[in-house]
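**Q** As you go down the protein sequences, you meet chains A, B and C in turn.
Just so it is clear: in the first sequence, position 270 is 270 by our numbering, and no numbers are missing.
Just so it is clear: in the second sequence, position 148 is 148 by our numbering, and no numbers are missing.
Just so it is clear: in the third sequence, position 401 is 401 by our numbering, and no numbers are missing.
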Amino acid sequence: MKRAAAPLAPYALVLPGFLLAAFIVLWPLWQLGVISISEVNRFGQLRGSAGTENFIAVFTDPDFLGALWRTGLWTIDIVLGALAVSFPVAMVLHQDFYGRGIARVIVMLPWAISITMTAIVWRWALNGESGMLNSGLKHLGIIDTNVQWLAQAATAFPVQILIGILVTVPFTVTIFLGGLSSINDDIYEAARLEGSSAWQTFRRITFPLMQPFVNIAVVLNTIYVFNSFPIIWATTQGGPANSTDILVTYLYKLGFRYGKLGEASALSLMMFGLLLAFTLLYVYLAAREARE
Amino acid sequence: MSRKLKRTLIAWAVLSPLVVLTLFPFAVMLITALKPATEVLSPHWVPSRLAWENFATMWSATNFGTAMWNSVYVGVLSTAIAIAVSIPFAYALNRYRFAGKGFLRQFLLVSQMLSPIVLVIGLFRLAAAMGLVDNVNSVVFVYGAFAIAFTVWMLQSYFATIPRDLEEAAWLEGASHTSALIRVFLPLAVPAITVTAIFAFINAWNEFVIALTMLRRAESYTLPIQIFSLVAGRYAVEWHHVMAASLVATLPVAVVFAWLQRYLVKGLGVGAVK
Amino acid sequence: MNRLYTGGAGLALALALSSSLVSAQDLRVTVAEYSSKTGPYFEEAAAAFEAANAGTDIQIEVVPWDVLLQKLTTDISGGSTGDLSIIGTRWLIDFVDAGIAAPLDDYMDDAFRERFFDVFLSPSVMNGQTYGLPIAASARAMYYNKDLLEQAGIDTPPDTWTELADAAAKISALGDDIAGFGLQGKEIETDVYFYYGFWAQGGQLVEEDGTSGLDTQAAYDAAAMYKKLIDDGATQPGVTAYNREDVQNLFKQGKVGMMITAPFLSGQIAEEAPDLNYGVTAIPAGANGDRGTYGVTDSIIMFEDSQQKDLAWSFLDFIFTTEWRGKFTEGEGFLPVNPEVAAMPAFADNADLKEFTALLPDARFAPVIPGWEEIAGITSDAMQTIYLGDGEIQPTLDAAAAEINGILGQ
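The following block contains the structure:
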């Protein structure tokens, strides 16, 4: 189309943005690579080469495996949970009803507030004795005695996942609403005329047409949730006794509490590799399915 | 009852759990912000009186004005930078076919995979090497650069909805590609650019880890850091101030959201998914 | 606002401008934030210093404690440290080993040294050289709620741990949301809270042979004692969800009978709960009369890379005068590190502070060894596991000791 006119034009257009984005990511990444194979003191001063020592040290740390497993749990639960909540919510918000504008604003609100602040507010509300959640639940008669939400992983982790789902829903709903509004009404008309039931319409038309949007939501949310730091950090700091640690909070402790920057860098690279592998795999599978 | 009324009731019934959970933290923030200082620690839901003065005392006690100005400055400037380089980028991705397009798309996606915690040391060394530590502009630079992946993605999905006919008509009338781009395309793209800019601004407004690393003196702090400093490691936390500050920090953004949500939907539609 | 100008002029100009702004008389001081008074105090001191020394410009950077070490780490790795910084003295050894802290002995004459209590100055001395000055010092004692004790029929606050267990049980029986003993089970100094009981049993953090003291009978007994308090309901429920601030909040609300913490609680009570009827007493002793309090100092160090060492020293000299020290110590609720300050009426006549200073002979400081942060973390994790009942006392402590020995051995 325009290729003959100005073959270099696209490259010129793309160059400034690409350079900036590449620079801000590649330079730190290279730094990480260098540090991860060096012996480094807690202040990041390099003291010679360490080969694969840092990587091995991380692999053999028992806390690492716990954090790895929990990260998988965390990511899957939040991404799927957000999907499960957002789809019906988006479908409802797509309908015309009184107060729809207000409903949309409310659903989007968590996006307006920084996740760190959200986490701090929840931590305050979850306090066993002074927290408003317990006092609210007691007023409603749902519980008798205060629940010590953050005292043990069995109650803390599910609550953290719930908070994670709540902050992920607005973005996911937005994507789905975009998807729903891109589906032509004529298709639904045709289905109705053929006597298709609501469930059949959903299964045969809505869901397949939404597939690309679901894929985008899954990929992007996985990336954000995998690396999500503030929620767990503000509420339990990965405790008690590292029982709510995910990879990124474990990474923070390793690097900035214990001063093991070499291992922290090695871990960062491993996390990046993991995420990359997952994303490529998912995209490949999604593309293959779309072709069929 | 009318069908719309029936739908309204069902809709709100389905949405109510989510609405309750979403509004809960805001309720906590509001109530705690309005409690008199001596009541802050008790968990009851109804304060004995509405301590509106907390907002005033918070403003001075927490250096709110300066932090807000810093956040505005950083948000506006970094968004401007990101948008400026993203418009041509997204335009190229959308209107041209060229080698490396797929690679660029993948690169943008991949670049979002690195958590700021992970990059923090490298970024700091970069800023130190350029003599920009504790300079608010270092934060501007980093935010702008990081925002590009997201803004390009949003822009190019919007651009896909803008028909090419008008540009092609302009060429047929003898206009050059550049002038067609500027005089015909850009005006049509204004809503898309506005929405994207606002999203980038919101991300910058709420960003935490990078600002925490780069900014040192209280005069340089952005809002999230300022509020965090009220809570972190202090021996005594003034929770009513913290909540009041969080509320005021959220309000402008929430208002923008209310106005914005109609446009969101249209944009993230068609071309977004690939 | 020169920010706007540098922003508009581009990178090169920013560099040029920033290098020209750092004139020969600029000082960058990093200050850890103890409370909302810390920043204003240092700004005031800086302004006074600048007024007395024309042409100088002191820049104070206030950093929350939680992120201080992270920021210093990134600063140092980026080669961009300031001139002075407050640090936790327990970090000092890492700074000294890496050659980051500058020795101060050349600047200190005898008259200067005599401004300090020796017990606070000595933790900053390594290899015979002084690397930091004690900017803040604190110890721990036990706060108790007089009303609750009276209601439970207890005349005098407990002096041994056995008496404490008894008293705590009686107080907890007073009501559903009342707890006898506030036990901290989360975040910083969770390990220290355990040490109070540990030292009372005669335990030592690091034994004579250089190994950890966690796998000794004293440790098992202390841990068993704490676990029993939890199981008997003598502490607040959900111990592992409460950091020190949370327990203090409960105390201020009158929901906790006794807790162990630092002098700053007195100031907080005066401001937030003036009607609270409380007292301060010594940390309980064990059966053999052993007792220990945790001594903490924070030091202010001078960076080896500083280009303004002389100016930095004058500023240090300035803030360590009696007037400025008095203001800081009183405002933050710390213990005076200078004899002259201790003689000031605000301190000498303070009944609460007397309890703290009386404990100083029994003060144990965190061992000055590399890797202490990690060791504290391991100990805290072990205690949390025990408090939750997720692990038996002996095996958990033995495992922790083994891990610590690995670090000590390096």
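From the three backbone atoms N, C-alpha and C, an ideal C-beta is built for every residue, glycine too.
Only a predicted model underlies this, so the values are computations on that prediction, with no experimental measurement involved.
Tell me, please, which residues DSSP counts as bridged to residue 145(C).
**A** Answer is 278(C).
**Q** Looking at C-alpha atoms only, which residue of 76(B), 145(B), 102(B), 189(B) is the closest neighbour of residue 163(B)?
**A** Selection 76(B), 145(B), 102(B), 189(B) evaluated against residue 163(B) yields 189(B) as nearest (Cα-Cα).
**Q** When the Cα atoms are used, what is the spatial distance from residue 84(A) to residue 158(B)?
**A** 26 Å
**Q** From residue 151(B) to residue 94(B), what does the alpha carbon distance come to, in whole angstroms?
**A** 14 Å
**Q** Give me the Cα-Cα distance between residue 222(C) and residue 242(C), rounded to the nearest whole angstrom.
**A** 20 Å
**Q** Excluding the five sequence neighbours on either side, which residues of its own chain have a C-beta within less than 6 Å of the C-beta of residue 342(C), listed in chain order?
**A** 336
**Q** Give a yes or no on whether the C-beta atoms belonging to residue 123(C) and residue 297(C) are separated by under 8 Å.
**A** yes
**Q** I'd like the ranges of any beta strand (DSSP E) spanning at least 3 consecutive residues and lying wholly in the region 10-84 of chain A.
**A** 38-40, 46-49
**Q** Quick one: is residue 148(A) buried, meaning 16 or more other Cβ sit within 10 Å of its Cβ, or exposed?
**A** Taking a 10 Å sphere around the C-beta of residue 148(A), we find 16 or more other C-beta atoms and assign the residue as buried.
**Q** Whose C-beta lies closer than 8 Å to the C-beta of residue 221(B) among residues of the same chain, with five residues either side of it excluded?
**A** 63, 66, 67, 70, 211, 215, 229
**Q** At the level of alpha carbons, what is the spacing between residue 77(C) and residue 260(C)?
**A** CA-to-CA, the gap between residue 77(C) and residue 260(C) works out to about 37 Å.
**Q** Evaluate the contact criterion for the region 14-30 of chain B versus the region 98-113 of chain A: three or more CB pairs, one atom per stretch, below 8 Å.
**A** Between the region 14-30 of chain B and the region 98-113 of chain A there are three or more inter-stretch CB-CB distances shorter than 8 Å, so the stretches are counted as touching.
**Q** Using alpha carbons as the reference points, say which of 258(A), 229(A), 287(A) lies closest to residue 377(C).
**A** 258(A)
**Q** Are the beta-carbon atoms of residue 181(C) and residue 234(C) separated by less than 8 Å?
**A** yes
**Q** List, in chain order, every chain C residue whose beta-carbon is nearer than 7 Å to that of residue 229(B).
**A** Within chain C, the residues placing a beta-carbon under 7 Å from that of residue 229(B) are 33, 64, ordered along the chain.
**Q** Do the region 127-138 of chain C and the region 297-315 of chain C touch if we need at least three Cβ pairs shorter than 8 Å?
**A** yes
**Q** Tell me residue 299(C)'s beta-bridge partners as DSSP assigns them.
**A** For residue 299(C), which the question treats as bridged, DSSP gives the partners 87(C), 134(C).
**Q** Using 8 Å as the limit for Cβ to Cβ distance, is residue 278(A) near chain C?
**A** no
**Q** Flag residue 29(C) as yes if its beta-carbon sits less than 8 Å from any beta-carbon of chain B, otherwise no.
**A** Cβ-Cβ to chain B under 8 Å: no for residue 29(C).
**Q** Residue 334(C) lies in the alpha helix (DSSP H); which residues open and close that run?
**A** Careful: residue 334(C) lies outside any alpha helix (DSSP H) and carries neither H nor E.
**Q** Quick check on the DSSP output: the alpha helix (DSSP H) that includes residue 117(A) runs from which residue to which?
**A** Per DSSP, the unbroken alpha helix (DSSP H) holding residue 117(A) starts and ends at 115-125.
**Q** How is the alpha helix (DSSP H) around residue 185(A) delimited, first residue to last?
**A** 185-193
**Q** Excluding five sequence neighbours on each side, which residues of the same chain lie with their C-beta closer than 7 Å to the C-beta of residue 216(C)?
**A** 203
**Q** Is there a Cβ of chain B sitting closer than 8 Å to that of residue 95(A), yes or no?
**A** yes
**Q** Please state the DSSP three-state secondary structure of residue 293(A).
**A** Because chain A spans 1 through 292 in this model, residue 293(A) falls outside it and cannot be assessed.
**Q** Could you list which residues in chain C have their beta carbon closer than 7 Å to that of residue 256(A), in chain order?
**A** Neighbours of residue 256(A) on chain C, chain order: 69, 70, 73.
**Q** Under 8 Å, CB to CB, which of the residues in the region 13-24 of chain B have a partner in chain A?
**A** 14, 15, 18, 19, 21, 22, 23, 24
**Q** If the cut is a Cβ gap below 8 Å, which residues of chain A does residue 239(C) touch?
**A** 151
**Q** Express the C-alpha separation of residue 250(C) and residue 129(A) in angstroms, rounding to a whole number.
**A** 8 Å
**Q** Considering Cα atoms alone, identify which of 338(C), 385(C), 352(C), 61(C) is closest to residue 136(C).
**A** 338(C)
**Q** Does any CB atom of chain B fall closer than 8 Å to the CB of residue 31(A)?
**A** yes
**Q** For the alpha helix (DSSP H) containing residue 100(A), name the first residue and the last one.
**A** First-last of the alpha helix (DSSP H) with residue 100(A): 100-112.
**Q** Could you check if residue 139(A) is buried or exposed, using at least 16 other CB atoms within 10 Å of its CB as the buried criterion?
**A** exposed
**Q** According to DSSP, which residues form a beta bridge with residue 27(C)?
**A** Per DSSP, the beta-bridge partners of residue 27(C) are 58(C).
**Q** Looking only at C-alpha atoms, which of 162(C), 229(C), 167(C), 143(C) sits nearest to residue 152(C)?
**A** 167(C)
**Q** Quick one: which residues of the region 102-126 of chain A get their C-beta closer than 8 Å to a C-beta of chain B? List them in chain order.
**A** 103, 104, 105, 106, 107, 108, 109, 110, 111, 112, 113, 114, 115, 116, 117, 118, 120, 121, 122, 124, 125
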